[in-house]
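**Student:** Sequence order for the protein chains is A and B.
Note that my numbering has the first sequence beginning at 1, numbered continuously upward.
Note that my numbering has the second sequence beginning at 516, numbered continuously upward.
Heads up, the beta-carbon is just placed ideally off N, CA and C, and yes, glycines get one too.
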Amino acid sequence: MKRFHILAAALCCMASPLALGTAQAEKILNVGMAAADVGALDPHRAVSTQDKPVMNWVFNGLVRFKPGSVAIDGLEPDLADSFRRSPDKLTWTFALRHGVQFQRGFGEMTAEDVVFSLKRAADKDSSSFAADYANVDSITALDPYTVQIKLKQVVPGFLGLVANYQGGNIVSKKAVEQLGEQFRTMPVGTGPFEIKEYQPNQGIVLVAHAGYFRGKPKIDGINFKFIPSDASRDLAFSSGELDLLYGRQDQKWVERTKEAPGTVVDVIRPAELAELSLNQTKKPLDDLRVRQAVAYAIDRAGIAQFKGAATAEPATSVVPAGYLGTIDAKLFPHDVTRAKALLAEAGYPNGITITVIQTSLPTMLNSMQIVQAQLKQAGINLELQVVDHATFHAQIRKDLSMAVYYSAARFPVDDIYMTQFFHSRSTVMTPTAATNFSHCAVADKEIDAARVEPEDAKQQALWATAQQKIVDDVCAVPLFEQLQVWAHHTKLHFNYDLKGSLNLGPTITEASTLD
Amino acid sequence: MAVGAIGAPKGIAGRALGNRSLMAGVALLVFIILLAVLAPWISPYDPNDQDAIASLGAPNAQHWFGTDFFGRDVLSRVIWGARVSLFVGAVSTAISMLLGGSIGILSGYVGGRFDQGVMAVMDVLLSFPQLIMGLIIVALLGANLTDLILAIAITAVPPFARVARGPTLSLKERDFVEAGRALGFSNLRIMLVHILPNVLDDLIVMGSLWLATAIRTEASLSFIGLGLPPPTATWGSIIREGFENLLDAPWLAVFPSLAVLIVMLALNMIGDGLRDATDPKAAVS
Numbered sequence: 001m002k003r004f005h006i007l008a009a010a011l012c013c014m015a016s017p018l019a020l021g022t023a024q025a026e027k028i029l030n031v032g033m034a035a036a037d038v039g040a041l042d043p044h045r046a047v048s049t050q051d052k053p054v055m056n057w058v059f060n061g062l063v064r065f066k067p068g069s070v071a072i073d074g075l076e077p078d079l080a081d082s083f084r085r086s087p088d089k090l091t092w093t094f095a096l097r098h099g100v101q102f103q104r105g106f107g108e109m110t111a112e113d114v115v116f117s118l119k120r121a122a123d124k125d126s127s128s129f130a131a132d133y134a135n136v137d138s139i140t141a142l143d144p145y146t147v148q149i150k151l152k153q154v155v156p157g158f159l160g161l162v163a164n165y166q167g168g169n170i171v172s173k174k175a176v177e178q179l180g181e182q183f184r185t186m187p188v189g190t191g192p193f194e195i196k197e198y199q200p201n202q203g204i205v206l207v208a209h210a211g212y213f214r215g216k217p218k219i220d221g222i223n224f225k226f227i228p229s230d231a232s233r234d235l236a237f238s239s240g241e242l243d244l245l246y247g248r249q250d251q252k253w254v255e256r257t258k259e260a261p262g263t264v265v266d267v268i269r270p271a272e273l274a275e276l277s278l279n280q281t282k283k284p285l286d287d288l289r290v291r292q293a294v295a296y297a298i299d300r301a302g303i304a305q306f307k308g309a310a311t312a313e314p315a316t317s318v319v320p321a322g323y324l325g326t327i328d329a330k331l332f333p334h335d336v337t338r339a340k341a342l343l344a345e346a347g348y349p350n351g352i353t354i355t356v357i358q359t360s361l362p363t364m365l366n367s368m369q370i371v372q373a374q375l376k377q378a379g380i381n382l383e384l385q386v387v388d389h390a391t392f393h394a395q396i397r398k399d400l401s402m403a404v405y406y407s408a409a410r411f412p413v414d415d416i417y418m419t420q421f422f423h424s425r426s427t428v429m430t431p432t433a434a435t436n437f438s439h440c441a442v443a444d445k446e447i448d449a450a451r452v453e454p455e456d457a458k459q460q461a462l463w464a465t466a467q468q469k470i471v472d473d474v475c476a477v478p479l480f481e482q483l484q485v486w487a488h489h490t491k492l493h494f495n496y497d498l499k500g501s502l503n504l505g506p507t508i509t510e511a512s513t514l515d
Numbered sequence: 516m517a518v519g520a521i522g523a524p525k526g527i528a529g530r531a532l533g534n535r536s537l538m539a540g541v542a543l544l545v546f547i548i549l550l551a552v553l554a555p556w557i558s559p560y561d562p563n564d565q566d567a568i569a570s571l572g573a574p575n576a577q578h579w580f581g582t583d584f585f586g587r588d589v590l591s592r593v594i595w596g597a598r599v600s601l602f603v604g605a606v607s608t609a610i611s612m613l614l615g616g617s618i619g620i621l622s623g624y625v626g627g628r629f630d631q632g633v634m635a636v637m638d639v640l641l642s643f644p645q646l647i648m649g650l651i652i653v654a655l656l657g658a659n660l661t662d663l664i665l666a667i668a669i670t671a672v673p674p675f676a677r678v679a680r681g682p683t684l685s686l687k688e689r690d691f692v693e694a695g696r697a698l699g700f701s702n703l704r705i706m707l708v709h710i711l712p713n714v715l716d717d718l719i720v721m722g723s724l725w726l727a728t729a730i731r732t733e734a735s736l737s738f739i740g741l742g743l744p745p746p747t748a749t750w751g752s753i754i755r756e757g758f759e760n761l762l763d764a765p766w767l768a769v770f771p772s773l774a775v776l777i778v779m780l781a782l783n784m785i786g787d788g789l790r791d792a793t794d795p796k797a798a799v800s
């Protein structure tokens, strides 16, 4: 009898924590990201692929893309209750929601925070997207819940600048001032999840924001883990350690992963346009004939064949397809003989060597190795200096690479993409630098004129001319368009129709659930 | 008057030839070296030739070791990789022997505070794990062939210095060294002609074992992405690429790993065999 009591007591001791654990089990979403670390979590500095999905979960804009959508016509009020614009499209007035709370006890969001955020986004000292806001004349708080933005000239797709994307993410003024440098990794927004802890080279711990204005999220927290190795991430996913993972962007991976039981592969938009920017200030790329030789040597169809139709699409211009204004530009055909002839004509009959700083991220490094092999056929030796992803981003912005392989998506209006990548105002190492790695300046006039052109047809024509000029001057060679590849276990329910995410990763909303 | 290596028992070559483990190691190593030297003629494909259609192909009649993500022939890359791995290993070990041996002999011969100071520095360097040390140096110097060789060589200097210093401390007290001094020989001549031949055996045995470590360090640095940049085939980089495709094409990592394993085995058999052959106690027995 005594033995029975001891056994019963032991079973009780064993069972009760389990029962307690079941009753109080937290719903934690484990996400695996292909990176060794973040670049920055400050939304106005977050430029790397691994930074952006987190922006989705922590911040809001005045307006937002509907969860799961990247359609411009689907923009809806977010922190703003409503907005109106003047007939001349130069004055925009936003009425803010009342009672929106910042995370971690930083108080209510008011017009003062919105004005501070947008001015901060427009300041090159605090933002990587300052060039986008060059035509903003003033940002004013009319009262604690009303913000007015005046423009110097019409900005196509202006709502993109105040959406939940890049500079449009609203931060807490008090938090920025109070946290100082710490804000880079522990930012404060109004979104459904708040950052609890940042662990360098390991991950980010996020917890549900109880005071989120759309209601407390049903998922209690997110563990965002840095796992740069594709194979390690795959193994962690298949063992159940991860619920959502950043996939490898190739056909074989998609085909294998979607066969796994209880797994859904999400191939989503936007497609990032991969381009090879050629630095026109570095010899021998200062010679147009050499740049043309590079363009002729690249076989876009060959790259697409490696990538597979499930995850990649052929490039059609120097701006991603489907953006407002993008055309089917007349790109250089693959012609190795012509490439060699141009090099000889330029005085390089024995070929050239181009030194390139390249990220070690497997997907990008693989793509660059395909380009490297293609260029070799024409006598162009691509010497890769492989560095980690954060160093890659830092060094290419210091104008240290002769060519830059960069893959990007932006707010889907040509003006923004062309301004950031091909306008001289955005040239790296200049006061208004963005991502013009080539020092391209050939289409400034058309880009500027299109921005203020009131007639749609004329605006389209100017954008078309600008694109063809950039192609012909070989500021960059478009390679392919890369769709975003993720996978999730069926126990994760986004609870919206996931077609895309401008922040490159699935949005986890207050309604998303985990079984 | 030159005094040769003392205590060197007769018949080292005979014992070496009779050591089956040593001979098997030599045979394996010679085979790998021949593969590396003859790579341009025996490699079935150009190691950098890409073929999208053949991406991640399993081993078959055309590609015995299969193909990687880029459709490159893995057998050809393993053969060409042997060139880089053996070259980096051999040159870096030679540099370490030269530098470490010189420092050890000089330190032991001069003695006193100089010896204490040099050995303190060596001890500090020894306290770093080799891979960490190599990683720091490659990160500082950069990842090209010369810097990679230098990085690996530097990591091996302290052990060679230690090995050379020990016997030097006792040798410098021996009568033939005293005699050399009495005859007015310079310190440099005594170190080169009278001491070096007597520590050379130890350095060679150490070198044969360290060659394995150097090759492994190169493979490890390449595996973590700090080796030679693409598309150069090295065993470490092939294993790394294989690891990235482990679930789609597990054979990619297996064959280069086997190559590393075989060389490690061969060099360890040679090292052990040489140690036995040069051991005076073994000669007596």
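For the region 729-751 of chain B, list every residue whose C-beta sits within 7 Å of some C-beta in chain A, in sequence order.
**Tutor:** Under the 7 Å Cβ criterion, the region 729-751 of chain B contributes 740, 744, 745, 746.
**Student:** Would DSSP call residue 381(A) helix, strand or coil?
**Tutor:** In the structure shown, residue 381(A) sits in a strand (DSSP, three-state: E or B).
**Student:** Based on DSSP bridge pairs, tell me the residues matched to residue 549(A).
**Tutor:** In the structure as shown, chain A starts at 1 and stops at 515, and residue 549(A) therefore has no counterpart that could be examined.
**Student:** Chain B beta carbons: is any one of them nearer than 8 Å to that of residue 384(A)?
**Tutor:** Chain B, which has a Cβ nearer than 8 Å to the Cβ of residue 384(A), makes this yes.
**Student:** Measure from the alpha carbon of residue 61(A) to the alpha carbon of each residue in 250(A), 231(A), 405(A), 168(A), then state which is nearest.
**Tutor:** Nearest of 250(A), 231(A), 405(A), 168(A) to residue 61(A), Cα basis: 168(A).
**Student:** With 8 Å as the C-beta to C-beta threshold (strictly closer), list the residues of the region 756-789 of chain B near chain A in chain order.
**Tutor:** The region 756-789 of chain B vs chain A, Cβ under 8 Å: 758, 759, 760, 761, 762, 763.
**Student:** Apart from the five residues just before and just after residue 43(A), which ones in its own chain have a Cβ nearer than 6 Å to its Cβ?
**Tutor:** Within the same chain, residue 43(A) has close Cβ partners 55, 59, 169.
**Student:** For residue 139(A), which residues in the same chain have their Cβ closer than 6 Å to its Cβ, ignoring the five residues on either side in sequence?
**Tutor:** Closer than 6 Å at the Cβ level, and outside the excluded window around residue 139(A), lie 115, 118, 119, 149.
**Student:** Thinking C-alpha only, which one of 76(A), 89(A), 74(A), 94(A) is nearest residue 83(A)?
**Tutor:** Comparing Cα-Cα distances from residue 83(A) to each of 76(A), 89(A), 74(A), 94(A), the minimum goes to 94(A).
**Student:** Please work out which residues of its chain come closer than 7 Å, Cβ to Cβ, to residue 527(B), disregarding the five sequence neighbours upstream and downstream, and give them in chain order.
**Tutor:** If we look at residue 527(B) and ignore the five residues flanking it on each side, its Cβ neighbours are 792, 793.
**Student:** So, are the CB atoms of residue 96(A) and residue 81(A) less than 8 Å apart?
**Tutor:** Yes, the pair counts as a contact, with Cβ atoms nearer than the cut-off.
**Student:** Grouping DSSP H, G and I as helix and E and B as strand, with all else coil, what is residue 712(B)?
**Tutor:** In this structure, residue 712(B) counts as helix in the three-state DSSP scheme.
**Student:** State buried or exposed for residue 637(B), treating a residue as buried only when at least 16 other CB atoms are found within 10 Å of its CB.
**Tutor:** Per the 10 Å Cβ criterion, buried.
**Student:** Kindly indicate the opening and closing residues of the beta strand (DSSP E) around residue 203(A).
**Tutor:** Residues 203-208.
**Student:** Within its chain, find whatever has a CB closer than 7 Å to the CB of residue 489(A); leave out the 5 residues flanking it on each side and keep chain order.
**Tutor:** Around residue 489(A): 243, 262, 263.
**Student:** Can you find a CB in chain A that lies within less than 8 Å of the CB of residue 617(B)?
**Tutor:** For residue 617(B), the answer is no, since every Cβ of chain A falls outside 8 Å of its Cβ.
**Student:** Helix, strand or coil: which one does DSSP assign to residue 68(A)?
**Tutor:** Here residue 68(A) sits in coil by DSSP.
**Student:** Where in the region 297-376 of chain A do unbroken runs of the beta strand (DSSP E), each at least 3 residues long, occur, reported from the N-terminal end onward?
**Tutor:** Qualifying beta strand (DSSP E) stretches, in chain order: 312-314, 352-359.
**Student:** Per DSSP, what are the beta-bridge partners of residue 500(A) in this structure?
**Tutor:** According to DSSP, residue 500(A) bridges with 269(A).
**Student:** Under a three-way DSSP split, which group does residue 252(A) fall into?
**Tutor:** In this structure, residue 252(A) counts as helix in the three-state DSSP scheme.
**Student:** In whole angstroms, what is the alpha-carbon distance linking residue 394(A) and residue 433(A)?
**Tutor:** Whole-angstrom Cα-Cα distance: 13 Å.
**Student:** Just to confirm, is the Cβ distance from residue 374(A) to residue 744(B) under 8 Å?
**Tutor:** No, they are not a contact pair.
**Student:** Report the CB separation of residue 789(B) from residue 723(B) in whole angstroms; it is logged as a contact under 8 Å.
**Tutor:** Contact holds; Cβ gap of about 6 Å.
**Student:** If we call anything under 8 Å between Cβ atoms a contact, is residue 464(A) one with residue 327(A)?
**Tutor:** Contact flag set, yes.
**Student:** Below 8 Å on the Cβ atoms is my contact criterion, and I expect residue 369(A) with residue 746(B) to pass it. Report the Cβ-Cβ distance as a whole number of Å.
**Tutor:** With 8 Å as the limit, residue 369(A) and residue 746(B) qualify as a contact, their Cβ atoms being about 6 Å apart.
**Student:** Consider the Cβ of residue 480(A): report whether some Cβ of chain B lies at a distance smaller than 8 Å.
**Tutor:** False, the Cβ-Cβ gap to chain B never drops below 8 Å.
**Student:** Assuming the contact rule is C-beta atoms closer than 8 Å, residue 213(A) and residue 99(A) should be a hit. Round their C-beta distance to whole Å, please.
**Tutor:** Their Cβ separation, rounded to whole angstroms, is 7 Å, which keeps residue 213(A) and residue 99(A) in contact under 8 Å.
**Student:** Under 8 Å: do the region 607-622 of chain B and the region 390-409 of chain A share three or more Cβ pairs, one atom per stretch?
**Tutor:** No: the two stretches stay apart, fewer than three of their Cβ pairs being nearer than 8 Å.
**Student:** Quick check on DSSP: helix, strand or coil for residue 788(B)?
**Tutor:** DSSP places residue 788(B) in helix when its eight states are reduced to three.
**Student:** Taking the alpha carbon of residue 219(A) as the reference point, which residue from 366(A), 423(A), 492(A), 87(A) has its own alpha carbon closest?
**Tutor:** The residue with the shortest Cα to Cα distance from residue 219(A) is 492(A).
**Student:** Taking the Cβ atom as the reference point for each residue, do residue 403(A) and residue 279(A) lie within a distance shorter than 8 Å?
**Tutor:** Yes. Within cutoff.
**Student:** Would you list the residues sitting across from residue 150(A) in a DSSP beta bridge?
**Tutor:** Answer is 91(A), 138(A), bridged to residue 150(A).
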